[in-house]
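Student: Numbering (numbering that gives the first Met the number 0), first residue to last: 0 to 252.
Ideal Cβ positions, reconstructed from N, Cα and C, are used throughout, including at glycine.
This structure is a prediction, so every number in the text was calculated from the model and none was measured.
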Amino acid sequence: MEVRLYTIPGSHPGVAVQAMMKAKGIPFKRTDLFPVMQKVVVRVQGFPKQTVPAMKIDGRKIQGSREISRELDRIQPEPPLFPEDPEKRRAVEEAERFGDEELQHPIRQMIWWTLRKDKAPLRSFSEGAKLGIPTGLAVATAGPVLVATAYYNKATDENVRRGLAELPGLLDRIDAWIETGVLDGEQLYAADYQIAPSLRLAMTMQDLRPIIDARPAGKFARRVIPDYQGDAPPTFPPAWMQPLRGDTAASPA
Ligand SMILES: N[C@@H](CCC(=O)N[C@@H](CS)C(=O)NCC(=O)O)C(=O)O
């Protein structure tokens, strides 16, 4: 069986599917793509959408982290990514959906907003990537790519500030799933692999790392994804951080 993953270095859903394949012992090859360029490359490769992760399994195309988790279970059932018990499966599927639809994107907007402000940390996200050009050159010429990526992800001040204000609520939901055993159980499932990489990406931002590390979500994320490349110094204005520090009465900057 030949498996090839198309991803962007540091992509959180890309890290999710790599962790799932590692858990199942599925060998795969990886094509690392530049942000923006990935839109073109995956379409040229014949995928229906322009997002990564995208995967070819013996030439068959599967795109999207949730589609991929189901396909991986089909081709290699052990260890399973979903519980057998229907009720437990529903709970894992709901947490996985939350990770994909509600958690991934605000974190994506935060990191692109951060890198758009200062591209220097981009190098730490790209170490070891096979982009076809030296990492230093990729980082030095990344300015327009970062502008475009922040633009198409709508990583605006308004959206990022809102995302930061809403993050405590998202973390509460994750902590509650950990408490009830939907996440962070003895056996890791698709929802664990979906949610932990988003937390780990958030934890590359020094502004957010101590806040997440102080919660069950942080311990869980480090268990599921022990290593996640990237380190971004504090960038968010203090007023944007106030909701995360429990000060909801903050006045707008
Ligand atoms: N939520 C989907 C989509 C992932 C996604 O949006 N990936 C980003 C990179 S992390 C992307 O390819 N964006 C390009 C675009 O939206 O056109 C998944 O988990 O597969």
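I'd like to check one pair, Ile7 with Pro34: are the Cβ atoms closer than 7 Å?
Tutor: Yes, Cβ-Cβ distance for Pro34 and Ile7 is below 7 Å.
Student: Kindly examine ligand 3 and report whether one of its heavy atoms sits closer than 6 Å to the Cβ of Asp99.
Tutor: The ligand content of the structure shown is limited to ligand 1, which means ligand 3 is not among them.
Student: With H, G and I counted as helix, E and B as strand and the rest as coil, what does DSSP make of His11?
Tutor: His11: helix per DSSP, three-state reduction.
Student: Quick check for students: name the residue ranges of the alpha helix (DSSP H) that lie wholly in the segment 130-170, counting only runs of 4 or more.
Tutor: You should have 134-139 and 142-151.
Student: Which stretch, first to last residue, makes up the alpha helix (DSSP H) that contains Asp192?
Tutor: According to the sequence displayed, residue 192 carries Tyr and not Asp. Counting along the chain, the alpha helix (DSSP H) containing Tyr192 begins and ends at Ala189 to Met202.
Student: Taking C-alpha atoms, which residue in Arg172, Arg221, Ala220 and Arg160 lies nearest to Pro236?
Tutor: Ranking Arg172, Arg221, Ala220 and Arg160 by Cα distance to Pro236 puts Arg160 first.
Student: Straight-line CA distance for Gly63 to Glu100?
Tutor: Using only the alpha carbons, I get a separation of about 11 Å.
Student: Between the alpha carbons of Thr140 and Arg89, how many angstroms are there, rounded?
Tutor: Roughly 45 Å separates the two Cα atoms.
Student: When you compare each of Gly9, Glu1, Arg3 and Val2 to Arg199 by their alpha carbons, which one comes out closest?
Tutor: Of the listed residues, the one whose Cα sits closest to Arg199 is Gly9.
Student: Hey, which unbroken runs of the beta strand (DSSP E) at 3 residues or more fall wholly within the segment 10-75?
Tutor: Counting whole runs of 3 or more residues, the segment 10-75 contains the beta strand (DSSP E) stretches 28-31, 53-56 and 59-62.
Student: Please report the distance separating the alpha-carbon of Gly245 from that of Val40.
Tutor: Their backbone Cα atoms lie some 43 Å apart in a straight line.
Student: So, with DSSP's three-state summary, where would you put Thr247?
Tutor: Any answer about Thr247 is weak, because its pLDDT of 48 lies below 50 and its placement is not dependable; what the coordinates show is given next. The answer is coil: DSSP assigns Thr247 none of H, G, I, E or B.
Student: Give the secondary structure of Ala252 by DSSP, where H, G and I count as helix, E and B as strand, and everything else as coil.
Tutor: Residue confidence for Ala252 is low, a pLDDT of 42 falling below 50, so the modelled location carries little weight; the figure read from the coordinates is stated next. If DSSP states are grouped into helix, strand and coil, Ala252 belongs with coil.
Student: Might you give, ordered along the chain, the residues of its own chain that have their beta carbon closer than 8 Å to the beta carbon of His11, omitting 5 neighbours on each side?
Tutor: Excluding positions up to five away in sequence, the list reads Gln103, Ile106, Arg107, Pro196, Ser197, Arg199 and Leu200.
Student: Going by DSSP, which residues form a beta bridge with Arg222?
Tutor: Paired residues: none, contrary to the question.
Student: Can Val51 and Tyr5 be called in contact, C-beta distance under 7 Å?
Tutor: Yes, Cβ-Cβ distance for Val51 and Tyr5 is below 7 Å.
Student: With a threshold of 6 Å (Cβ to nearest heavy atom), would Gly58 be considered close to ligand 1?
Tutor: False, no ligand heavy atom lies under 6 Å from that Cβ.
Student: If you drop the 5 nearest sequence neighbours on each side, which residues of the same chain put their C-beta closer than 7 Å to that of Ile194?
Tutor: Taken in chain order, the residues that qualify are Ala94, Gly98, Leu102, Ile173 and Leu182.
Student: Rank Glu66, Gly162, Gln49 and Phe46 by C-alpha distance to the C-alpha of Val16 and give the top, closest one.
Tutor: Checking every option, the nearest Cα to that of Val16 belongs to Glu66.
Student: Is the beta carbon of Met19 closer than 7 Å to that of Tyr192?
Tutor: Yes, the pair counts as a contact, with Cβ atoms nearer than the cut-off.
Student: For the segment 106-120 against the segment 142-152, are there 3 or more C-beta pairs whose distance is under 8 Å?
Tutor: Touching, yes, given that three or more Cβ pairs across the two stretches are closer than 8 Å.
Student: Measuring alpha carbon to alpha carbon, tell me which of Glu126, Leu243 and Met109 ends up nearest Val155.
Tutor: The residue you asked about is not Val; residue 155 is Thr in the sequence shown. Here the closest residue by C-alpha is Met109.
Student: Rank Tyr188, Val138, Leu163 and Leu71 by C-alpha distance to the C-alpha of Ile25 and give the top, closest one.
Tutor: Among Tyr188, Val138, Leu163 and Leu71, the Cα nearest to that of Ile25 is on Leu71.
Student: Would you call Ser250 buried or exposed, if buried means 16 or more other Cβ atoms sit within 10 Å of its Cβ?
Tutor: Note that Ser250 has pLDDT 46, beneath the 50 cutoff, so the model's placement of it is unreliable and the number below is only indicative. Exposed.
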